[in-house]
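Here the sequence shown is numbered in our numbering, starting from 50 and rising by one per residue. We treat Cβ as the ideally placed atom computed from N, Cα and C, and that holds for glycine. Here the structure is a predicted model, which means the values were calculated and not measured.
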Amino acid sequence: MTRKTIVIAVREYQAAIRTKTFIVSLILMPVFMGGSIGVQVLLRDKVDTADKRIALVDCTGRLAGAILADAERRNDIGIFQGEGAERKQTQPRFVFESVAPPAETSPDALKALTLELSDRVRKRELFAFAIIPADTISHAASSTAASSPAPPAAIAYHSNSPTYDDVRRWLTSVLTKHTHEARLSDANVDTKLVMNALSPLIVDNLGLVSREVTGEIKAAEKTSELATLFIAFGLLMLMFMVVMISAQPLLQSVLEEKMQRIAEVLIACASPFELMMGKLLGTAGVSLTIVCVYLLGGLFAMERLGVAGLFPKHLIGWFILYQCLAVLMFGSMFSAVGAAVNDLKEAQNLVTPLMLVVIVPLFIWVNVAKEPNVSFSVIASFFPFATPMLMIVRMAVPPGVPAWQPAVGALGVLATTVACVFAAGRVFRIGILMQGKAPKLRELIGWMLRG
C-alpha cells in the first residue's frame, strides 16, 4: 500500500464523516428501520373505539343468550387497559342485537332477512350480522352414524369491512365454546370434565442442558424463536444498509469526478489503481465507523433492557470482518461502473444487475435462519456475494455453524474481493479518462480480462 493510497483514503474518510449528511444518515437509518414499530407503539391508543353493532340471528334458539352475556362481560372488562385513573378503553364495544329468525323455514324467507340486514349494514345502522344455522348444534349427532364425519355447519358472517376481522374472530371463539357445551349437554356428558380433558398443553421451548467448568449441570434456558430471528434479521439489515450507504455512493463520487474532469487532475498525482484503492479504503473506514456506532448503541440498549444475553457477542469480530470485505467487494464494482459510464442514466443499466446480487440474501434469509445447517443454507452461504450476510445469519441462530465454515467463507469472500478489486482496477484505469459512448458489456469484460 503506497503513501498516496493512504492519503487518498484518509481524505475520503474525513470528507465523508465531517458532512452533515453523514450525521443525518446515522440518525435516520435506525429511525427508518424501527419506524414501523415506533409508529405502532405511538398509535396503539389511537384506535377507533366506536361501538360495533352486530345483529345475531340464532336459528338454533339456544346460543344467542350465552353470546350476548359473553359480549357484556367483554365490554365491561376486556376492552380496557390500566387501573384506576389510568384505565383507558383501547378496543370498541361489541353491541349485539338479537334478531328473530324468519317464521318460515324456506330459503326465500332467509334470503329476504339477509337482504334486509345487508341494507341496514349499508345504511350503517349495523356494522355486521351473523346467521347461525338451525343444525349448528345437532349436526354432530347426525353425523356420528355416517362413515365419514360431515363438515361443521357454516355460520354466515356478513360485513362491509372485510379487513376488520376482530368481530369475526371473537364470534368464532365464543360460538365454538358454547356449541361444544351444548353438544356435550345433549349427549349427557359432563361438560367441565371434557373441557378439562381437552385443555391445551403448554410446551416450553428450551435449549440444551450443559455442564459447567465446575462439573455442575446447568439447566436449559428458555429460548425464543422470535428473539433469535430478530437478532439475525437485525444483523442482516445492518450489514445491508451499511453496504448501501457506503458502497453505492462511490458510483456517484467517481462519476462526478469524471464528468467534471477532476479525475484528470487526480490521475496526474496518483495512478488510477491508487486512486480507486484510496476511495475503497476510505469507504471501508466509513462503514466501520457506522457499524461501531450501531453495534455499541445496540448493545447498550439491550443492556439497559436486560436482554444483552440474547446477543451472541462472539459474532462482533466476524461481523466487522465480513462487513469490511463486503464493502470492498461491492464498492469496487460500483467504482468500476462509475468509471465506465458518462452519466447516471447509463449507470442505471449496469447498476441493476449489481443491485440484484446485493439483495439476493434478503429473499432467502428466512429459510436460511429457520434451518441454518441444511444443504441449501450451507451452499447459499458459500456463494461469495451472499456469504457476508447469510453466514452472519447462520451464525446468529443456535446451534451456530462448524468453526471451519466462517473461516472458509471469509477466505472465499477475500479471494472474490481481490478478484473484483483487480478487475475493477483495470476498468477504472481505462474508463476514468474515457468520454463519449458508454462501453458495452462485451467491452467491459474485455477490459477486465486484458486490461
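Looking at Ile-365, Gly-256, Gly-387 and Glu-313, the one whose alpha-carbon comes closest to that of Gln-297 is Gly-387. In the structure shown, the three-state DSSP call for Phe-178 is strand. Membership of Arg-102 in the beta strand (DSSP E) is indicated by the continuous run 101 to 107. Secondary structure at Phe-434: coil, using DSSP grouped into helix, strand and coil. Val-407 and Arg-142 have their C-alpha atoms some 48 Å from each other.
When the Cα atoms are used, Gly-380 and Ser-295 turn out to be separated by approximately 8 Å.
For Phe-360, there is no enclosing alpha helix (DSSP H), since its DSSP letter is neither H nor E. Cα atoms of Val-80 and Tyr-343: separation of roughly 12 Å, rounded to the nearest angstrom.
Here Gln-397 is exposed, its C-beta having fewer than 16 other C-beta atoms within 10 Å. Short of 8 Å from the beta carbon of Leu-370, and not among the five residues preceding or following it, lie these beta carbons of its own chain, in chain order: Ala-459. Sequence-distant partners of Lys-53 (beyond 5 residues in either direction) whose C-beta falls short of 6 Å from its own C-beta, in its chain, are Ala-319 and Glu-323.
Residue environment: Phe-471 is assigned as exposed (fewer than 16 neighbouring CB atoms within 10 Å of its CB, all protein chains considered). Per the DSSP secondary-structure output, His-207 pairs in a beta bridge with Phe-178. Going by DSSP, Glu-261 is part of no beta strand (DSSP E) at all; its letter is neither H nor E. Annotation: the continuous alpha helix (DSSP H) that includes Ser-295 extends over 274 to 295. Annotated three-state conformation of Ser-320 is coil, per DSSP.
Burial state of Val-476 is buried, judged by a 10 Å Cβ sphere holding 16 or more other Cβ atoms.
Per the C-alpha coordinates, the member of Ala-64, Val-96, Thr-338 and Pro-402 positioned closest to Tyr-213 is Val-96. At least 7 Å separates the beta-carbon of Met-444 from that of Ser-430. If the five residues before and after Leu-299 are omitted, its C-beta is found closer than 7 Å to the C-beta atoms of Lys-328, Thr-332, Gly-380, Phe-383, Ser-384 and Gly-387, all from its own chain and listed in chain order. Here Glu-420 has Ser-426 as same chain residues with Cβ atoms under 8 Å from its own Cβ, once five neighbours each way along the sequence are excluded. Residue state for Lys-267 is assigned as strand, using DSSP reduced to three classes.
Using a C-beta cut-off of 8 Å, the stretch 124 to 133 makes no contact with the stretch 168 to 177, since fewer than three inter-stretch Cβ pairs fall below that distance.
In the three-state scheme derived from DSSP, where H, G and I count as helix and E and B as strand, Gln-301 is classed as helix. Residue pairing by DSSP puts Lys-137 in a beta bridge opposite Gln-130. For a cut-off of 8 Å, the C-beta gap from Phe-145 to Ile-186 is around 19 Å, too long to register as a contact. In the DSSP secondary-structure assignment, Ser-147 is bridged to Leu-105.
Using a C-beta cut-off of 8 Å, the stretch 266 to 275 makes contact with the stretch 241 to 258, since at least three inter-stretch Cβ pairs fall below that distance. With at least 16 other beta carbons inside 10 angstroms of its own, Phe-368 counts as buried. The alpha-carbon of Gly-283 is positioned some 13 Å away from that of Leu-359. For Leu-162, the enclosing alpha helix (DSSP H) has its first and last residue at 156 to 171.
Under a 10 Å Cβ-count criterion, Leu-287 is classified as buried, with 16 or more other Cβ atoms of the shown protein chains found around its own Cβ.
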